[in-house]
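Visitor: One structure, as structure tokens, below. Some questions next.
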Amino acid sequence: MAWSTAHVPDQSGRTALVTGASGGIGLETARVLAARGAHVVLACRSVERARAAAARIGGSTEAVPLDLASLDSVRDAAAEVRGRHDRLDLLINNAGVMFPPDARTEDGFETHFGVNHLGHFALTGLLLDLMTRVPGSRVVTVASLAHRAGFGGFGAERARSATGRRSVAAYGRSKLANLMFARELQRRFAAAGAATLSLAAHPGLSATGLWHGDPPALLRPVAGAGLRLLAQPADRAALPSLRAATDPRAAGGAYLGPRNRFESRGAPGPARSSRASGDAAAQARLWDLSEELTGVRYAFTPERAEDPPAAAVCPVTGARG
Ligand SMILES: NC(=O)c1ccc[n+]([C@@H]2O[C@H](COP(=O)([O-])OP(=O)(O)OC[C@H]3O[C@@H](n4cnc5c(N)ncnc54)[C@H](OP(=O)(O)O)[C@@H]3O)[C@@H](O)[C@H]2O)c1
């Protein structure tokens with residue numbers, strides 16, 4: 010049977026934080042987690058929109074202001090969450106922008122890279138120790154089919170470029186960074202013996218607010234007819250994130266997405282990814298660059314004396330061998 014929200018296990022007693030939960034796929038992700046009993050922290054740019062979303066979702070929720078385009082805001086949000094919670098079971102790095110109005114973030118980073126990747130890199134690092142001892146805890150980072158368009162590599166200069174605002178490659182690079190981050194994070198969790206898993210997901214295509222940016226002329230047909238043909242509603246597009254967050258059989262390092270029509274829609278399962286996204290040396294370099302740019306250094310305290318065995322893990326079943 011195709012995986013659906015009916016498969017989401019009871020989340021009672023668990024706390025989930027979803028970034029960008031005021032609309033689109035984040036709202037649907039938060040809605041299902043709250044309906045299954047989780048306490049959901051909606052971390053959103055606008056607290057008013059977050060509160061309106063919380064009222065629509067019902068269940069146990071709270072709103073925290075978070076602007077991923079500002080490292081000060083990320084630090085404040087993390088401090089607020091830490092002040093209210095001593096554990097976090099799920100962190101869903103969902104928020105994202107595509108072809109945004111501003112070329113750079115408050116800290117001078119190219120906006121796609123700054124919001125989609127660096128903001129989430131910093132947030133995750135600042136919340137890390139709320140998660141690493143919590144059994145079953147997971148970080149899910151939302152990437153995209155567009156990670157395949159992330160040509161050009163990463164570097165300090167490109168991270169501060171002012172020319173990425175309407176660039177498919179810049180959006181693609183930020184989503185490639187999301188996927189590489191998720192994989193490097195899983196490697197570091199495993200090496201530290203942390204209880205937390207890191208997974209990635211992509212929603213396929215969905216006609217959400219993401220498409221209301223200012224795309225380059227070449228992409229307008231995709232944003233119009235292509236979306237009408239291939240897109241799935243936001244509640245379906247949230248399924249890969251929900252499966253990555255809650256399916257007991259989904260293993261650390263897995264990347265999940267819709268299975269049909271070139272992964273644009275359908276039930277969630279293992280997704281394909283580019284060769285570049287699996288380059289372990291490039292993942293480590295991106296990690297160092299992200300620490301340097303954000304000033305957030307991850308404190309992995311070994312949870313047990315020995316490293317876990319380095320066995321290959323099936324992306325969905327979790328079988329080792
Ligand atoms: N829709 C698709 O076809 C598609 C395809 C591939 C991947 N994705 C990914 O799916 C994720 C969710 O996107 P979506 O489709 O649901 O788009 P959406 O409806 O535009 O939702 C994006 C969310 O991110 C929030 N956000 C934007 N900038 C932010 C910032 N600086 N700080 C904090 N939050 C911010 C938005 O908040 P505001 O309400 O304040 O704008 C909104 O809640 C993104 O990571 C996106 O890249 C989507």
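Going from the sequence shown to the working numbering is simple: count from 1 and add 9.
From the three backbone atoms N, C-alpha and C, an ideal C-beta is built for every residue, glycine too.
Could you give the DSSP three-state label for Ala320: helix, strand or coil?
Guide: A caution first: Ala320 carries a pLDDT of 43, below 50, which makes its placement in the model unreliable, though a value can still be read off. Note: Ala320 maps to coil in three-state DSSP.
Visitor: Which residues mark the beginning and the end of the beta strand (DSSP E) in which Asn269 is found?
Guide: Looking at the DSSP string, the run of the beta strand (DSSP E) that includes Asn269 is 264–269.
Visitor: Quick one: what's got a C-beta closer than 8 Å to Trp12's C-beta in the same chain, skipping five residues either side?
Guide: Same-chain partners within the cutoff: Leu248, Arg252, Asp256, Ala276, Pro277, Gly278.
Visitor: Using a threshold of 7 Å, state whether the C-beta atoms of Ala131 and Thr14 are closer than that.
Guide: No, these two residues do not count as a Cβ contact at 7 Å.
Visitor: Distance check for Ala178 and Val90, CA to CA, integer angstroms please.
Guide: If I take the Cα positions, the gap works out to 34 Å.
Visitor: Give the straight-line distance between the Cα atoms of Leu188 and Gly287, rounded to the nearest whole angstrom.
Guide: Cα-Cα distance, rounded: 9 Å.
Visitor: Hey, is Asp116 close to ligand 1, as in C-beta under 6 Å from one of its heavy atoms?
Guide: Checking every heavy atom of ligand 1 against the Cβ of Asp116, none is found closer than 6 Å.
Visitor: Determine the extent of the beta strand (DSSP E) in which Leu9 is found, giving its start and end residues.
Guide: Nothing can be reported for residue 9: it is not among the residues displayed for the chain, which extend from 10 to 330.
Visitor: Would you mind working out which of Asn125, Glu57, Ala246, Gln292 sits nearest Glu37, comparing C-alpha positions?
Guide: Checking every option, the nearest Cα to that of Glu37 belongs to Ala246.
Visitor: Just list the residues that DSSP pairs Thr24 with in beta bridges.
Guide: According to DSSP, Thr24 bridges with His48.
Visitor: Let me know the secondary structure DSSP gives Pro109 once reduced to three states.
Guide: Correct three-state label for Pro109: coil.
Visitor: When you compare only the Cα positions, how much space is there between Ser215 and Arg45?
Guide: When rounded, the distance between both Cα atoms is 23 Å.
Visitor: Rounded to a whole number of angstroms, what is the C-alpha to C-alpha distance between Arg306 and Gly33?
Guide: Roughly 31 Å separates the two Cα atoms.
Visitor: In whole angstroms, what separates the C-alpha of Ser69 from that of Glu166?
Guide: Using only the alpha carbons, I get a separation of about 43 Å.
Visitor: Taking only runs of the alpha helix (DSSP H) that begin and end inside the region 115–168, which ones reach a length of at least 4 residues, in chain order?
Guide: Here the runs fully enclosed are 129–136, 165–168.
Visitor: Mind the definition here: the region 103–121 touches the region 206–221 only if three or more C-beta pairs lie below 8 Å; say whether that holds.
Guide: The answer is yes - the region 206–221 touches the region 103–121, with three or more Cβ pairs under 8 Å.
Visitor: Should Arg268 be counted as a contact of ligand 1 given a C-beta to heavy atom distance under 6 Å?
Guide: Answer for Arg268: no, Cβ out of range of ligand 1.
Visitor: Could you check where the beta strand (DSSP E) with Pro279 kicks off and where it finishes?
Guide: Counting along the chain, the beta strand (DSSP E) containing Pro279 begins and ends at 274–279.
Visitor: Only counting runs of 3 or more residues, tell me where the beta strand (DSSP E) segments fall wholly within the region 195–251, in order along the chain.
Guide: The qualifying runs are 206–210.
Visitor: Give me the Cα-Cα distance between Val73 and Ala254, rounded to the nearest whole angstrom.
Guide: One C-alpha to the other measures close to 20 Å.
Visitor: Who are the Cβ neighbours of Arg270 in its own chain at under 7 Å, not counting the five residues just before and after it?
Guide: These residues qualify, in order along the chain: Leu239.
Visitor: Would you identify the three-state DSSP class for Ala59, choosing helix, strand or coil?
Guide: DSSP places Ala59 in helix when its eight states are reduced to three.
Visitor: Assign Ala210 to one of two classes, buried (16 or more other C-beta atoms within 10 Å of its C-beta) or exposed (fewer than that).
Guide: Ala210 is buried by the Cβ-count criterion.
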